[in-house]
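Colleague: Could you have a look at this structure, given as structure tokens, before my questions?
Protein chains: 2
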Amino acid sequence: MGKQMTEMLKGTLEGIVLAILAARPAYGYEITARLREQGFSDIAEGTVYALLVRIEQRGLVDVQKVPSEKGPPRKVYSLNAQGGDYLEEFWRTWSFLAERIEQLHEGER
Amino acid sequence: MGKQMTEMLKGTLEGIVLAILAARPAYGYEITARLREQGFSDIAEGTVYALLVRIEQRGLVDVQKVPSEKGPPRKVYSLNAQGGDYLEEFWRTWSFLAERIEQLHEGER
DNA sequence: GCCACTATTCAGTGTTGCTATCTACCGGTA
DNA sequence: TACCGGTAGATAGCAACACTGAATAGTGGC
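Quick note, the sequences are listed as chains H and Y, same order.
For the first sequence, my numbering assigns the number 1 to the initial residue and increments by one for each residue that follows.
For the second sequence, my numbering assigns the number 1001 to the initial residue and increments by one for each residue that follows.
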């Protein structure tokens, strides 16, 4: 992946994952796979797991262990109320930034 | 500034500054002031100067010392060809990311 | 002489994503 | 049995980046 993308994901990947969890609960391996499908071709698995640990420790998600038919048990994460608030804040921050950057982009042409 | 904004600026602030320089050459103090005007209320001065050093070392900008009427000499930065390429790459990366995040945002409602 | 404004620099810190590797469970195949 | 591929999660060490806080330096006005 490009270096620019790596840096840009800092601060946004967290919001992306929270937004995925807002749609419906999911587990790490599944989230990684979905990200890959959506074009984030090589987001490292380790990155996602580390992120999930962080947001769990901050109390933004609830966790439930669910046995899998194939492989070790899954840790299914679901967004809780606090996570919802945090995600809202994320959207506000994102909108602010995106607006200004788009302005710069248009001003350039 | 919010913590989310701090993290989100990683990787994007560089592009923002390059885009500002693409419009016209500028020096550090001026760039900081312009960012503040545009609502990035407290981007630290130190942050901007450090960023300028980085992009200079990477050869994305040309530098010219210009005496100031009030204060020490200014270091005026201007985007060069390599910086222009890098900025283009930034826009591609940004567009890709912004598109996907907007999709998530809409899917949520 | 002192202060405010302009202008730049730098050491130290915290957060983040990546690399690389390890553990573990299951089914199929040689 | 032994091995491999797919599923699932964890972790130590690293590099990049923005912030904090302070220092330095030049100019003009009181």
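Each residue gets a CB set at the ideal place from its N, CA and C atoms; glycine is no exception.
If you're wondering where the values come from, they're calculated on a predicted model, not measured in any experiment.
Between the alpha carbons of Ile1031 of chain Y and Gly39 of chain H, how many angstroms are there, rounded?
Modeller: For this step, residue 1031 of chain Y is matched to residue 31 along the second sequence. For this step, residue 39 of chain H is matched to residue 39 along the first sequence. Straight-line Cα distance between these residues: approximately 34 Å.
Colleague: If the criterion is Cβ atoms closer than 8 Å, does the pair Tyr1077 of chain Y and Val1053 of chain Y meet it?
Modeller: Position 77 of the second sequence, counting from 1, holds the residue named residue 1077 of chain Y. Position 53 of the second sequence, counting from 1, holds the residue named residue 1053 of chain Y. Not a contact, by the Cβ cut-off of 8 Å.
Colleague: By a C-beta neighbour count over all protein chains shown, 10 Å radius and 16 as the cutoff for buried, is Met1001 of chain Y buried or exposed?
Modeller: Numbered from its first residue, the second sequence carries residue 1001 of chain Y at position 1. It counts as exposed.
Colleague: Report the neighbours of Thr12 of chain H on chain Y: residues whose CB is nearer than 7 Å to its CB, in chain order.
Modeller: As a first step, residue 12 of chain H is located in the first sequence; it is residue number 12 there, counting from the start. Those within 7 Å of Thr12 of chain H in chain Y are Met1008, Leu1097 and Ile1101.
Colleague: Answer yes if the region 1095 to 1106 of chain Y comes into contact with the region 66 to 82 of chain H, meaning at least three C-beta pairs across the two stretches below 8 Å, and no otherwise.
Modeller: Not touching, per the Cβ criterion.
Colleague: To the nearest angstrom, how far is it from the Cα of Gly84 of chain H to the Cα of Gln64 of chain H?
Modeller: Position 84 of the first sequence holds residue 84 of chain H. Position 64 of the first sequence holds residue 64 of chain H. Their backbone Cα atoms lie some 18 Å apart in a straight line.
Colleague: Assuming the contact rule is C-beta atoms closer than 8 Å, Thr1006 of chain Y and Met8 of chain H should be a hit. Round their C-beta distance to whole Å, please.
Modeller: Taking the second sequence and counting its residues from 1, one reaches residue 1006 of chain Y at position 6. Taking the first sequence and counting its residues from 1, one reaches residue 8 of chain H at position 8. Actually they are not in contact, since the Cβ atoms of Thr1006 of chain Y and Met8 of chain H sit about 14 Å apart, beyond 8 Å.
Colleague: Do Gln4 of chain H and Glu1089 of chain Y count as a contact pair if the criterion is CB distance below 8 Å?
Modeller: On the second sequence, residue 1089 of chain Y is found 89 positions in, with the first residue counted as 1. On the first sequence, residue 4 of chain H is found 4 positions in, with the first residue counted as 1. Contact flag set, yes.
Colleague: Please give the ranges of any beta strand (DSSP E) in the region 1051 to 1079 of chain Y, keeping only runs that are unbroken, at least 3 residues long and fully inside the region.
Modeller: Listed in chain order, they are 1061 to 1066 and 1074 to 1079.
Colleague: Quick check on Val1017 of chain Y: buried or exposed, where buried means 16 or more other Cβ atoms within 10 Å of its Cβ?
Modeller: By 1-based counting over the second sequence, the position of residue 1017 of chain Y is 17. Looking at its Cβ environment, which holds 16 or more other Cβ atoms inside 10 Å, Val1017 of chain Y is buried.
Colleague: Nearest chain H C-beta to Glu1089 of chain Y closer than 8 Å, yes or no?
Modeller: The residue given as residue 1089 of chain Y occupies position 89 in the second sequence. With 8 Å as the cut-off, Glu1089 of chain Y counts as an interface residue toward chain H.
Colleague: How would you list, in chain order, the residues of chain H whose beta-carbon sits under 8 Å from the beta-carbon of Glu1108 of chain Y?
Modeller: Position 108 of the second sequence, counted from the start, is the residue given in the question as residue 1108 of chain Y. Ordered by position in chain H, the residues that pass the 8 Å Cβ test against Glu1108 of chain Y are Ala19, Ala22 and Ala23.
Colleague: Does any C-beta atom of chain Y lie closer than 8 Å to the C-beta of Gly123 of chain H?
Modeller: For chain H, the structure presents residues 1 to 109; residue 123 of chain H sits outside this window and is missing.
Colleague: Helix, strand or coil, according to DSSP, for Ala1026 of chain Y in the structure here?
Modeller: Numbered from 1 along the second sequence, position 26 holds the residue referred to as residue 1026 of chain Y. Reduced to three states, the DSSP call for Ala1026 of chain Y is strand.
Colleague: Residues in the region 1026 to 1043 of chain Y with C-beta within 8 Å of chain H's C-beta atoms, listed in sequence order?
Modeller: Residues passing the 8 Å Cβ filter: Gln1038, Gly1039 and Phe1040.
Colleague: Which residue comes first and which comes last in the alpha helix (DSSP H) that contains Met1001 of chain Y?
Modeller: Translated into positions along the second sequence, residue 1001 of chain Y becomes position 1. Counting along the chain, Met1001 of chain Y falls outside any alpha helix (DSSP H), and DSSP gives it neither H nor E.
Colleague: Considering only the alpha carbon of each residue, which of H:Tyr29, H:Glu106, H:Glu102 and H:Ala22 lies closest to Tyr49 of chain H?
Modeller: Stepping through the first sequence from its first residue, residue 49 of chain H is reached at position 49. Minimum Cα distance to Tyr49 of chain H is reached at H:Tyr29.
Colleague: Please check if any C-beta of chain H sits within less than 8 Å of the C-beta of Leu1104 of chain Y.
Modeller: Residue 1104 of chain Y sits at position 104 when you count from the first residue of the second sequence. It does; some Cβ of chain H falls within 8 Å.
Colleague: Can you tell which of Y:Leu1104, Y:Trp1091, Y:Gln1103 and Y:Arg1036 has its C-alpha closest to the C-alpha of Glu102 of chain H?
Modeller: Translated into positions along the first sequence, residue 102 of chain H becomes position 102. Among Y:Leu1104, Y:Trp1091, Y:Gln1103 and Y:Arg1036, the Cα nearest to that of Glu102 of chain H is on Y:Trp1091.
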